[in-house]
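S.K.:
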Amino acid sequence: MPLNPLILTLWLCHGPLFTALQEPPAPVLESYTEKIPGSEIEITWIAIPVGQKGYPESIRIGSPEQESGRNEDEGPTWTLEVKPFWIMKCEVTWDAFDLFREQYGILQQDRVSSDKVDDKTWADAVSIPTPLWEQDSRPILEGLGTGGGYPVADITQFAAMQFSKWLSRKTGKVLRLPTEAEWEYAARCGQETAYSFGDDPARLSEFAWHFDNSEYDDPDLGFPGLGAGYRKVGTLAANRWGIHDLYGNVAEWTLDGYQAQAYATRSGKTLSEKETVIWPAKIWPAVVRGGSWQDDPERCRSAARLPSTRKWQKRDPQIPKSIWWCTDAFHVGFRLVRPMTALEATERWWNPQVESIQRQLKEGYKELRVPISKTDASKDD
Numbered sequence: 093m094p095l096n097p098l099i100l101t102l103w104l105c106h107g108p109l110f111t112a113l114q115e116p117p118a119p120v121l122e123s124y125t126e127k128i129p130g131s132e133i134e135i136t137w138i139a140i141p142v143g144q145k146g147y148p149e150s151i152r153i154g155s156p157e158q159e160s161g162r163n164e165d166e167g168p169t170w171t172l173e174v175k176p177f178w179i180m181k182c183e184v185t186w187d188a189f190d191l192f193r194e195q196y197g198i199l200q201q202d203r204v205s206s207d208k209v210d211d212k213t214w215a216d217a218v219s220i221p222t223p224l225w226e227q228d229s230r231p232i233l234e235g236l237g238t239g240g241g242y243p244v245a246d247i248t249q250f251a252a253m254q255f256s257k258w259l260s261r262k263t264g265k266v267l268r269l270p271t272e273a274e275w276e277y278a279a280r281c282g283q284e285t286a287y288s289f290g291d292d293p294a295r296l297s298e299f300a301w302h303f304d305n306s307e308y309d310d311p312d313l314g315f316p317g318l319g320a321g322y323r324k325v326g327t328l329a330a331n332r333w334g335i336h337d338l339y340g341n342v343a344e345w346t347l348d349g350y351q352a353q354a355y356a357t358r359s360g361k362t363l364s365e366k367e368t369v370i371w372p373a374k375i376w377p378a379v380v381r382g383g384s385w386q387d388d389p390e391r392c393r394s395a396a397r398l399p400s401t402r403k404w405q406k407r408d409p410q411i412p413k414s415i416w417w418c419t420d421a422f423h424v425g426f427r428l429v430r431p432m433t434a435l436e437a438t439e440r441w442w443n444p445q446v447e448s449i450q451r452q453l454k455e456g457y458k459e460l461r462v463p464i465s466k467t468d469a470s471k472d473d
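When you number the sequence shown by our numbering, it's gap-free, plus one each residue, and the end is 473.
1) Look up K458 in the DSSP assignment and say whether it is helix, strand or coil.
2) Is it buried or exposed for I198, if we count other Cβ within 10 angstroms and need 16 for buried?
3) With a threshold of 16 other CB atoms inside 10 Å of the CB of P243, please say whether the residue is buried or exposed.
4) If we ignore side chains and look at the alpha-carbon of each, how far apart do W417 and Q405 end up?
5) Under the three-state reduction of DSSP, which class applies to P148: helix, strand or coil?
6) Should A278 and I135 be called a contact, given that it needs their Cβ atoms to be closer than 8 Å?
7) Are the Cβ atoms of F250 and F422 separated by less than 8 Å?
8) Less than 8 Å between C-beta atoms, sequence neighbours within five positions excluded: which residues of the same chain meet that for R440?
9) Along the chain, where does the alpha helix (DSSP H) containing R193 start, and where does it finish?
10) Tell me the residue span of the alpha helix (DSSP H) that contains L313.
11) Have a look at I140, N443, E126 and G382 and flag the residue whose alpha-carbon is nearest the alpha-carbon of A300.
12) Measure the alpha-carbon distance for R162 versus S206 and round it to whole angstroms.
13) Drop a sphere of 10 angstroms on the beta-carbon of D165, count the other beta-carbons inside from all chains shown, and report buried for 16 or more, exposed for fewer.
14) Which two residues bound the contiguous beta strand (DSSP E) that contains T263?
15) Mind the definition here: the stretch 301 to 314 touches the stretch 388 to 406 only if three or more C-beta pairs lie below 8 Å; say whether that holds.
16) Let me check one thing: in DSSP terms, what residues is I220 bridge-paired to?
17) Assign E298 to buried or exposed, taking buried as 16 or more other Cβ atoms, counted over all protein chains shown, within 10 Å of its Cβ.
18) For Q158, name the three-state secondary structure that DSSP assigns.
19) If we count the other Cβ atoms within 10 Å of its Cβ and call it buried at 16 or more, is Q452 buried or exposed?
20) Look up Y242 in the DSSP assignment and say whether it is helix, strand or coil.
And the structure:
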């Protein structure tokens, strides 16, 4: 007896989030470009077909002791085994992030409260960024650039996670921050040298905006008083896999919490990205990769690890500190990955189990948490 179409429709609409996003394995991994539903903003996803020629199934992670500029937290080295995935060709731009941020004023009527909905509904909902601290952040960002292809910056790891959840709901695909290991795999392009192009930092300016080349000719541009800053994404050469700005421009959030001695327990082992992800248990420190426009070349190496710090919110006037904005981190942004097949524990990619964040979401009067689906695209127009 065939299912009643109405019953089937209701089941699909109200099924678990993970079920709704479950995808069959793609037979061929190819790069593609798609628009964010309800907008003209396009995102290009670069295929990383692990196992094909030039894309090794395993690679050394970390740096050898003799690598110039090496820090102790980059060793000892270990071997990563990774599965195929897609990665954003460029860093997330303000143009894309603003589509997400604008929902704060659009979806107020759809707000959910933890004391009025069940746990499943609360977990499936997406948190929307609070308004930016206009008094101080806005003038700085206007100097750096906020539209027309500039990378988003000044945001927290949580903000990046919620954007990935929102975009996943919009597209029906599982999108998330890369693990620290996945990020390094993409940056290396199969190479075990300091950079994907070799060991010579003199070539970095071909691929990256960093301390040595991020100064403007006009001192009134960029970060006020510095005359330097990030640039529009994709303006310099891509790496051999077609990915732009993995080095420099803005440093990039990963999914992992930071542990200085993390590699010590992995020495000589071969591990998957799932086995090595360090789920954040607190806001600071988390792992940021790639270096930025204000970093020396050695901080942009494939193996270089940067822990986030409370100092990035030193000037934040909110009490408690905002879970959205890093008021002193105008050098940190992000990009997303899409795994070839949806992994288990999907919610963990999006909702950090950080007690202070969870408490603020449930109790903060300014926090907006709403259900999001592909049909919400019509509300953006």
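Backbone N, C-alpha and C fix where the C-beta goes; we use that ideal spot for every residue, glycine too.
M.R.: Here's the rundown:
1) coil
2) exposed
3) buried
4) 8 Å
5) coil
6) no
7) no
8) W371
9) W186 to R193
10) Here L313 belongs to no alpha helix (DSSP H), and DSSP marks it neither H nor E.
11) G382
12) 46 Å
13) buried
14) Where T263 is concerned, there is no enclosing beta strand (DSSP E), although the alpha helix (DSSP H) it sits in stretches over Q249 to T263.
15) yes
16) L460
17) exposed
18) coil
19) buried
20) coil
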